[in-house]
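Below you'll find the structure, written out as structure tokens, and then a few comments.
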Amino acid sequence: MTKAQTQSSQEIEDHNASDESTESVEPLEDGKSVDDLKGEPDPEPVVELSPEQVRIEELESEVEALGETLRSYAERADRMRAEFEASKSRIEREHARNLQGDKVKAVTGLLGVLDSLDQALANAPSSEPAFVDGMNLIRQEFETALSGLGLSRFDPSGELFDPERHEALTVMAVPDESQNNRVVHVMKQGALVGEKVVRAASVVVGKHSSAS
């Protein structure tokens, strides 16, 4: 082989090697240079957890789940406690109302007996003082017993007429305008149990001519 042929063959081999080198280079991402790639950090290595570490993480997850469950039970218990207290208070109020209603019925029934004693004393003959004294004693004891049940009677003389407290049996002409629509005479006292009117007072109401 001549020298010229050897040189030509070498040039062909160098050219082919250059082409192979060019084809093996992967293209760069858009907008990135070789220098940019050199500056990128290496990907973080994947850390393999030991079986003990895996178990610890599992236990931590279980503890967190148990904590959520306990909080849920605690909230439910609080709601049930509040509902129980509300129900208890409602039952106690209803019981108190029922007792009050029963007491009012009993006292109202006995109030008629007290009225009868008052009427008997008003009509008792003065010639029998021993009888009158005995009746007075019975009346006082009976009234004391009713007072222990919360009963009290009221005399509304002079009060402005109130249909919640007074039962107007009739009206009567009055000369004084200040007596207009006021109680001028009490036929029968009213009665209270606590602050509740259990019997309105039977009254006569004044009426002035200027109110016509």
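First residue of the sequence shown? That's 1246 in my numbering, and the numbers climb one at a time after it.
We put the beta carbon where it would ideally sit given N, CA and C, even for glycine.
Small disclaimer: the values here were computed from a predicted structure and weren't measured.
Apart from sequence neighbours up to five positions away, the residues of its chain that approach Met1380 with a beta-carbon distance below 8 Å are Leu1362, Ala1365, Leu1366, Ala1369, ordered along the chain.
Ala1436 places its beta carbon 7 Å or farther from that of Arg1427. Going by DSSP, Val1419 is part of no alpha helix (DSSP H) at all; its letter is neither H nor E.
Excluding the 5 residues flanking it on each side, Ala1413 has same chain C-beta neighbours closer than 8 Å at Phe1406, Val1448, Val1449, Val1450, in chain order.
Around the Cβ of Asn1425, a 10 Å sphere holds 16 or more other Cβ atoms; the residue is buried. Between Gln1434 and Arg1410, the gap from beta carbon to beta carbon reaches 7 Å or more.
Bridge pairing for Ser1447: Glu1412, Lys1433 [DSSP].
One thing to note: Leu1359 has its Cβ no nearer than 7 Å to the Cβ of Phe1376. Ser1397: member of the beta strand (DSSP E) spanning 1396-1399, first to last residue. Glu1422 is positioned such that its CB atom lies closer than 7 Å to that of His1453.
Look at Leu1405 here: in three-state DSSP terms it is strand. Taking all protein chains in view, the Cβ of Ala1446 is crowded by 16 or more other Cβ atoms within 10 Å, so the residue is classified as buried. Classified as exposed, Val1299 has fewer than 16 neighbouring CB atoms from the shown chains inside 10 Å of its CB. Taking C-beta atoms as the reference points, Val1352 and Val1429 fail to come closer than 7 Å. For His1340, the enclosing alpha helix (DSSP H) has its first and last residue at 1296-1367.
Between Leu1382 and Leu1355, the C-beta gap is not smaller than 7 Å, which leaves the two residues out of contact.
Comparing C-alpha distances from Lys1441 to each of Ser1332, Glu1307, Lys1348, Leu1315 shows the shortest one belongs to Lys1348. Counting the other Cβ atoms within 10 Å of the Cβ of Val1308 gives fewer than 16, which makes it exposed. In the DSSP assignment, Gly1393 falls within the unbroken alpha helix (DSSP H) covering 1374-1393.
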